[in-house]
Structure formats: C-alpha cells, structure tokens
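Chemist: I am attaching a structure below and will ask some questions about it afterwards.
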Amino acid sequence: MVERLTHQDVNDICALYRRVWEGFRTDLPDQLIKAWEPTPLEFTSWMEGVTYFAARRDGKMIGAIGCRIENGSCRLVHLAVDPETRRQGVATALVGATTEWARHNTTSMIWVDALAKFTAAAAVFRQLGFAESGVLHKHYWGEDVRLLEKIL
Ligand SMILES: CC(C)(COP(=O)(O)OP(=O)(O)OC[C@H]1O[C@@H](n2cnc3c(N)ncnc32)[C@H](O)[C@@H]1OP(=O)(O)O)[C@@H](O)C(=O)NCCC(=O)NCCS
27 MVERLTHQDV NDICALYRRV WEGFRTDLPD QLIKAWEPTP LEFTSWMEGV
77 TYFAARRDGK MIGAIGCRIE NGSCRLVHLA VDPETRRQGV ATALVGATTE
127 WARHNTTSMI WVDALAKFTA AAAVFRQLGF AESGVLHKHY WGEDVRLLEK
177 IL
C-alpha cells in the first residue's frame with residue numbers, strides 16, 4: 027500500500043533510511059551516509075517543499091520516495107526500499123505514485139539523479155521508461171551521479 031507520508035510517519039521513515047544505508051557503510055563516503063540518514067528533526071525540514079510517499083506492508087514501512095515539483099518538472103529524491111523486500115515491485119509502486127502526482131500537478135517531465143554505482147536504481151528507472159541523460163562527475167563527495175529523465 028502506497029500513501030502520502032504524514033508527520034506521524036517521521037520516526038518510521040528515519041528508521042527505514044537507517045536500515046537501507048546500513049548495508050552501504052563500507053561502499054560509500056561517510057558524509058554521504060550521514061547526509062542520507064536524517065534525524066526526525068532533519069527529516070521534518072526535508073518535508074518542506076517535498077511530497078513523500080511511503081509503502082507499507084502489514085503496518086511496516088518498507089519503502090519511501092520524495093518528489094519536489096519546481097519549474098514545471100518533478101524531481102524524485104530519497105528513493106529507498108527495505109533490503110528484506112526488494113525485487114517485489116515496491117520501488118515500481120512508489121515511482122508510479124510519484125508519476126501520478128507529477129501528472130496531477132501538470133508537470134512536463136520527471137527526473138532523478140542516482141549514484142552511478144547504484145545499478146539497481148538505474149535498472150528500475152530504465153524499466154519504467156526513463157532515459158539516461160548524462161553523468162555528473164564526482165558530484166556527491168567524489169561519487170559520480172547518473173541523471174535519468176522521463177517526459178510525461
Ligand atoms: C533501487 C531500489 C530502490 C529498487 O527497489 P525494488 O523495490 O527492489 O525494485 P522493484 O522490485 O520495483 O524492481 C523493478 C525492476 O527493476 C529492475 N531491478 C530492480 N533491482 C534490480 C537489481 N538489483 N538488479 C537488476 N535489476 C533490478 C528489475 O527489472 C525489476 O523487475 P523484476 O524484479 O521483475 O526483474 C532498491 O534496490 C534500493 O533501495 N536500493 C538502495 C537505495 C537506492 O539505490 N536508492 C535509489 C536512489 S535513486
């Protein structure tokens with residue numbers, strides 16, 4: 027079940043991000059992990075200007091994504107799925123919800139930046155019809171970032 031995130035979900039989403047990034051501690055710069063593991067207070071400020079959706083199963087939060095609509099386009103941020111529930115269509119459902127939201131808000135395109143080493147993320151977006159439009163080199167603490175976009 028995918029629903030809009032509310033302020034009551036803040037602790038759950040922070041716990042989800044901790045579970046997700048725990049597995050990347052040895053592969054990613056410390057600054058990046060720190061930036062992607064917000065405290066509840068930090069996450070509350072992330073919610074300003076960003077609409078988040080969360081996927082739950084049996085009450086447990088298993089995935090989340092944010093979308094920021096600006097200048098007539100929609101940027102996806104902070105997509106993450108619980109390591110225990112991957113390859114079950116959770117990210118597909120979350121991106122689907124944000125795409126609907128983007129269309130509802132009459133945006134003309136939707137885009138995302140993902141670390142180049144996140145091959146699973148690129149596979150999800152390609153599968154959903156996104157095209158790779160470029161690479162930003164050493165963009166996040168020395169990590170290359172892939173840009174993917176879809177015209178709506
Ligand atoms: C990337 C991520 C969000 C994918 O979530 P998910 O719920 O497992 O993705 P889905 O089940 O919706 O996958 C849809 C399709 O994408 C492709 N895909 C997903 N994960 C893949 C993988 N590890 N390898 C190859 N293809 C993959 C497949 O085609 C898959 O369909 P299939 O399972 O029927 O073959 C998840 O792996 C994750 O949280 N990774 C760490 C954080 C991250 O990379 N976030 C993205 C930042 S932009």
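For our numbering, add 26 to where a residue sits in the sequence shown, where the first one is 1. Cβ atoms here follow ideal geometry from the backbone N, Cα and C, with glycine treated the same way. Given the structure is predicted, the values throughout are model-derived calculations rather than measurements.
What do you reckon, are the CB atoms on Val116 and Ile88 nearer than 8 Å?
Modeler: Counted from its first residue, the sequence shown places residue 116 at position 90. Counted from its first residue, the sequence shown places residue 88 at position 62. Result yes, Cβ atoms of Val116 and Ile88 sit closer than 8 Å.
Chemist: Are Ala148 and Arg172 touching if we call contact CB-CB under 8 Å?
Modeler: The count along the sequence shown starts at 1 and reaches residue 148 at position 122. The count along the sequence shown starts at 1 and reaches residue 172 at position 146. Yes.
Chemist: Which of the three DSSP states is assigned to Ser159 in this structure?
Modeler: Working through the sequence shown from its first residue, we reach residue 159 at position 133. It is a strand residue.
Chemist: Using DSSP with H/G/I as helix, E/B as strand and the rest coil, what is Lys143?
Modeler: Taking the sequence shown and counting its residues from 1, one reaches residue 143 at position 117. In the displayed model, Lys143 falls within coil according to three-state DSSP, outside both helix and strand.
Chemist: Here's the rule I'm using: 16 or more other beta-carbon atoms within 10 Å means buried, otherwise exposed. How should Arg112 be labelled?
Modeler: Translated into positions along the sequence shown, residue 112 becomes position 86. By the 10 Å Cβ count, Arg112 comes out exposed.
Chemist: Which residue marks the beginning of the beta strand (DSSP E) containing Leu102, and which one marks its end?
Modeler: Working through the sequence shown from its first residue, we reach residue 102 at position 76. Taken as a continuous stretch (DSSP letters only), the beta strand (DSSP E) holding Leu102 covers Ser99 to Val107.
Chemist: Using a threshold of 8 Å, state whether the C-beta atoms of Tyr43 and Pro66 are closer than that.
Modeler: In the sequence shown, the residue the question calls residue 43 occupies position 17. In the sequence shown, the residue the question calls residue 66 occupies position 40. No. Outside cutoff.
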